[in-house]
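Undergrad: Can you read through this structure? Questions will come right after.
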DNA sequence: CATGCTGTTGCAACTGGTCGCAATAAGGGG
DNA sequence: CCCCTTATTGCGACCAGTTGCAACAGCATG
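Residue numbers (my numbering), protein chains in the order written: chain X, 21 to 166; chain R, 21 to 166.
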């Protein structure tokens, strides 16, 4: 259940001249029991539940470090707020209906044609996990009455 | 140069029971001389240049109203900050390189396959102007030395 | 032109997140 | 096991944007 990379994290940090601190341990504990996506402030809250002395800026800075290490990835929800994915996880983006507010995962498969055509036409490599596509879902576009 | 809808705005507001106020006139003046995209805070600044008494919340609330009227549209930049497009304008999204920070327009044509496949497979209608695709541009993926 | 309904403003407090800086502490070397 | 370098923390200020509320002011009506 736990990704094998959690145990090696302290060493991976040290190998880069970075440090393993109690504050980082708290955040990593929280992340290791997280599935799917969380917002930054949710992570701050969960860390505070473990250690009430948790400071937000420390959490955000640690998240930056963990992103460098490839442990998490961040994107932005439809309202522009930060969303974090814990890796490894199938890379995917999000589909958000601006009418009813529901969200769905957007698999690499769904986005394949976009990813391919941008690579072919512009040499641009899409970071799908950073993407939220906004629009209106089937139910909201065509509200067939019951 | 000026979109014909600007003059009719006061009446369009009144027709909905809304009001035409000095504060709204300032923002609309600013918008009418804006091309491309602007962030919310840029608009606040430009309004303040016209009327130093401008209050941010008034600007943001007016932008909401104008979005309802279809005069502007908002999306989020790669950092999650708000970006406004003044309409009418070809609907387009944005492509942002997370490595060098450059942005490009993403035309409806570029995104055609994505838009089509989401509509076909899920009935989801994409609001392209809300979308910023993040990744790495050709130059950053393959830094061919000179 | 005076009246009143209600949309709008200004303000202040608050949320999510970032930044600079002085003090602290991790952890490699002697 | 202590020392020293320097990464990291805590803190306070700040930026972008939102929200609740009392006071204000469009504008339709009479």
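Just so it is clear, CB atoms sit at the ideal spot from N, CA and C, and this is done for glycine as well. These numbers were taken from a predicted model, which means no experiment stands behind them.
Going by C-alpha distance, which of R:83, R:42, R:161, R:27 is nearest residue 146 of chain X?
TA: Walking along the first chain from the start, residue 146 of chain X turns up at place 126. Nearest option by C-alpha distance: R:161.
Undergrad: Taking just the CA atoms, how far does residue 114 of chain X sit from residue 56 of chain X?
TA: Taking the first chain and counting its residues from 1, one reaches residue 56 of chain X at position 36. Taking the first chain and counting its residues from 1, one reaches residue 114 of chain X at position 94. Residue 56 of chain X and residue 114 of chain X: Cα-Cα distance of roughly 12 Å.
Undergrad: What runs of the beta strand (DSSP E), each 3 residues or longer, lie entirely inside the stretch 66-130 of chain X?
TA: As far as the stretch 66-130 of chain X is concerned, its whole beta strand (DSSP E) runs of at least 3 residues are 92-96, 102-106, 112-117, 123-127.
Undergrad: Any chance the stretch 34-51 of chain R sits against the stretch 68-80 of chain R, with 3 or more Cβ pairs inside 8 Å?
TA: Contact between the stretch 34-51 of chain R and the stretch 68-80 of chain R is present, because at least three Cβ pairs lie under 8 Å.
Undergrad: Go through its chain and collect everything with a Cβ distance to residue 98 of chain X's Cβ below 6 Å, but skip five positions before and after it.
TA: Taking the first residue of the first chain as 1, we reach residue 98 of chain X at position 78. If we look at residue 98 of chain X and ignore the five residues flanking it on each side, its Cβ neighbours are 116, 152, 154.
Undergrad: Taking Cβ-Cβ distances shorter than 8 Å, what residues in chain R pair up with residue 115 of chain X?
TA: Here residue 115 of chain X is taken as the residue at index 95 of the first chain, counted from 1. Here the neighbours are 138, 142, 144.
Undergrad: Inspect the beta-carbon positions of residue 149 of chain R and residue 111 of chain R and report whether they are closer than 8 Å.
TA: Start at 1 with the first residue of the second chain, and residue 149 of chain R comes out as number 129. Start at 1 with the first residue of the second chain, and residue 111 of chain R comes out as number 91. In contact: residue 149 of chain R and residue 111 of chain R (Cβ atoms closer than 8 Å).
Undergrad: Should residue 157 of chain X go down as buried or exposed, given a rule of 16 or more other Cβ atoms within 10 Å for buried?
TA: Here residue 157 of chain X refers to the residue found at position 137 of the first chain. So residue 157 of chain X ends up on the buried side.
Undergrad: With 16 as the cutoff for other CB atoms within 10 Å, does residue 67 of chain X come out buried or exposed?
TA: Working through the first chain from its first residue, we reach residue 67 of chain X at position 47. Counting Cβ neighbours within 10 Å, residue 67 of chain X comes out buried, since at least 16 surround it.
Undergrad: If you draw a straight line from the C-alpha of residue 136 of chain R to the C-alpha of residue 28 of chain R, how long is it?
TA: Residue numbering aside, residue 136 of chain R sits at position 116 when the second chain is read from its first letter. Residue numbering aside, residue 28 of chain R sits at position 8 when the second chain is read from its first letter. If I take the Cα positions, the gap works out to 35 Å.
Undergrad: Mapping the DSSP letters down to three states, classify residue 152 of chain R as helix, strand or coil.
TA: Walking along the second chain from the start, residue 152 of chain R turns up at place 132. Strand, per DSSP.
Undergrad: For residue 133 of chain X, which residues does DSSP report across the bridge?
TA: In the first chain, counting from the first residue as 1, residue 133 of chain X sits at position 113. DSSP output for residue 133 of chain X lists no bridge partner at all.
Undergrad: What residues in the stretch 147-159 of chain R have a beta carbon less than 7 Å from any beta carbon of chain X?
TA: The residues in question are 147, 150, 151, 153, 154, 155, 156, 157, 158.
Undergrad: Beta-carbon of residue 133 of chain X versus every beta-carbon of chain R: anything under 8 Å?
TA: As a working mapping, residue 133 of chain X is identified with position 113 in the first chain. Yes, its Cβ sits closer than 8 Å to a Cβ of chain R.
Undergrad: Would you say residue 87 of chain R reaches chain X, if we count a Cβ-Cβ gap shorter than 8 Å as a contact?
TA: Mapped onto the second chain, residue 87 of chain R falls at position 67. Taking Cβ atoms only, chain X never reaches closer than 8 Å to residue 87 of chain R, which makes this a no.
Undergrad: Would you mind working out which of X:94, X:134, X:118, X:120 sits nearest residue 59 of chain X, comparing C-alpha positions?
TA: As a position in the first chain, residue 59 of chain X is number 39, starting the count at 1. It is X:94 whose Cα lies nearest to the Cα of residue 59 of chain X.
Undergrad: Determine the direct distance from the alpha carbon of residue 103 of chain X to that of residue 63 of chain X, and round the result to whole angstroms.
TA: Within the first chain, the letter at position 43 stands for residue 63 of chain X. Within the first chain, the letter at position 83 stands for residue 103 of chain X. Taking the straight line from one Cα to the other gives about 10 Å.
Undergrad: What's the gap between the Cα of residue 37 of chain R and the Cα of residue 89 of chain R?
TA: The residue you call residue 37 of chain R lines up with position 17 of the second chain. The residue you call residue 89 of chain R lines up with position 69 of the second chain. One C-alpha to the other measures close to 13 Å.
Undergrad: Do residue 122 of chain X and residue 133 of chain R come within 8 Å of each other at the CB atom, strictly closer than that value?
TA: The residue given as residue 133 of chain R occupies position 113 in the second chain. The residue given as residue 122 of chain X occupies position 102 in the first chain. No, Cβ-Cβ distance for residue 133 of chain R and residue 122 of chain X is not below 8 Å.
Undergrad: Within 10 angstroms of the Cβ of residue 74 of chain X, are there 16 or more other Cβ atoms? Answer buried if so, exposed if not.
TA: In the first chain, residue 74 of chain X corresponds to position 54, counting from 1. By the 10 Å Cβ count, residue 74 of chain X comes out buried.
Undergrad: Would you kindly report the start and end of the unbroken beta strand (DSSP E) that includes residue 59 of chain R?
TA: Along the second chain, read from residue 1 onward, the residue named residue 59 of chain R stands at position 39. From DSSP, the beta strand (DSSP E) with residue 59 of chain R extends over 57-59.
Undergrad: Between residue 118 of chain X and chain R, is any beta-carbon pair separated by less than 8 Å?
TA: In the first chain, counting from the first residue as 1, residue 118 of chain X sits at position 98. Chain R contact via Cβ: present.
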